[in-house]
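A.B. asks: Got a structure for you, written out below as structure tokens; questions coming shortly.
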Amino acid sequence: MKTKKKILGGAIGSDVHVAGILNFLELAKKEGYETIYLGGALSLEKFLGSIIETNPDLIAVSYRLGKEALDKLLIEFKDLLRKNDLLKNKDFVFGGTYETAKVARKSRLFRRVFDGSESVEEVVLYLRGEMRGIKKESYPQKLVERINFKSPYPLIRHHIGLQSLEETEREIQKLARSEELD
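Reminder that position 61 of the sequence shown reads as 61 in the UniProt record's numbering, one-by-one numbering, no gaps.
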């Protein structure tokens, strides 16, 4: 029997905002992950102890307060992880506001950073890719396989041709960035 991948998640520092991490873990559970919710306002030491105790495949860190405080927290967190030899064999994801997500990206600790602008579908597809061990570039390329992969979300394709090639290219770029079409 195949074992489920395990995700451990919580909000660090003095952050008590937990709706985002709870939603992420609920989506993960629906996708077949085993999830462990630690709560909010977690000390870094408690979070670290839980990582050591539960040995998760993916660690989800949430923080929605000030970016300056997060910068200090992440420096300290990386130091604790390094001292406990947990940077090499663990994957981390982050969820927060647009501002805190910028700090998280800069830290280079996280495999994926969510800033709240992502659709539910995007988060689910990320989780499916993680679960299956695939990269974004290697999503199924055949139509039926892609439909099955995205299910229950629809696969939407569209053809676009405007007055000029330049205008068409500009609009195609907008559509691609929106990720609304396959």
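Glycine included, every Cβ here is placed at the ideal spot set by N, Cα and C.
Since VAL103 contacts LYS67 with CB under 8 Å, what's their CB separation in whole angstroms?
C.D. replies: About 5 Å; that satisfies the 8 Å criterion.
A.B. asks: If you scan the UniProt domain "B12-binding" (4-134) from start to end, which runs of the alpha helix (DSSP H) of 4 or more residues do you find wholly inside it?
C.D. replies: The UniProt domain "B12-binding" (4-134) contains these whole alpha helix (DSSP H) runs: 19-30, 44-54, 67-83, 98-107 and 120-132.
A.B. asks: When DSSP labels each residue in this structure, what does GLN173 get in the three-state scheme?
C.D. replies: helix
A.B. asks: Given this structure, state the Cα-to-Cα distance separating VAL61 from LEU165, to the nearest angstrom.
C.D. replies: 44 Å
A.B. asks: May I ask you to report which of helix, strand or coil DSSP gives ILE160?
C.D. replies: For ILE160, the three-state secondary structure derived from DSSP is coil.
A.B. asks: Return helix, strand or coil for residue 188, following the three-state DSSP convention.
C.D. replies: Residue 188 cannot be examined here, being either before or after the span of the chain that is shown, 1 to 182.
A.B. asks: For LEU47 versus GLY95, is the C-beta spacing smaller than 9 Å?
C.D. replies: Contrary to the premise, residue 47 reads as Phe rather than Leu in this sequence. Cβ distance not < 9 Å, so PHE47 and GLY95 don't count as in contact.
A.B. asks: Can you name, in chain order, every residue of its own chain whose Cβ lies under 6 Å from the Cβ of LEU58, other than the five neighbours on each side?
C.D. replies: ILE7 and ASP91
A.B. asks: Measure the C-alpha to C-alpha separation of ASP85 and LYS174 and round it to an integer number of angstroms.
C.D. replies: 42 Å
A.B. asks: To the nearest angstrom, report how far apart LYS5 and GLU26 are at their CA atoms.
C.D. replies: 14 Å
A.B. asks: Please say whether TYR126 and ARG112 have beta carbons closer to each other than 9 Å?
C.D. replies: yes
A.B. asks: By how many angstroms is the C-alpha of PHE114 removed from the C-alpha of GLU150?
C.D. replies: Looking at the sequence provided, one finds Lys at residue 150 rather than Glu. Computed Cα separation, rounded: 20 Å.
A.B. asks: Name the residue from GLY49, GLY32, GLU31 and LYS30 whose alpha carbon lies nearest to the alpha carbon of LEU38.
C.D. replies: GLY49
A.B. asks: How should VAL18 be labelled, buried or exposed, when 16 other C-beta atoms within 10 angstroms of its C-beta is the threshold for buried?
C.D. replies: buried
A.B. asks: If we call anything under 9 Å between Cβ atoms a contact, is LEU81 one with ILE36?
C.D. replies: Going by beta carbons, LEU81 and ILE36 fall outside the 9 Å limit.
A.B. asks: So, under 8 Å CB-CB, THR3 and TYR63 are touching, yes? Tell me the CB distance rounded to an integer number of Å.
C.D. replies: Rounded, the Cβ-Cβ distance is 30 Å, inconsistent with contact.
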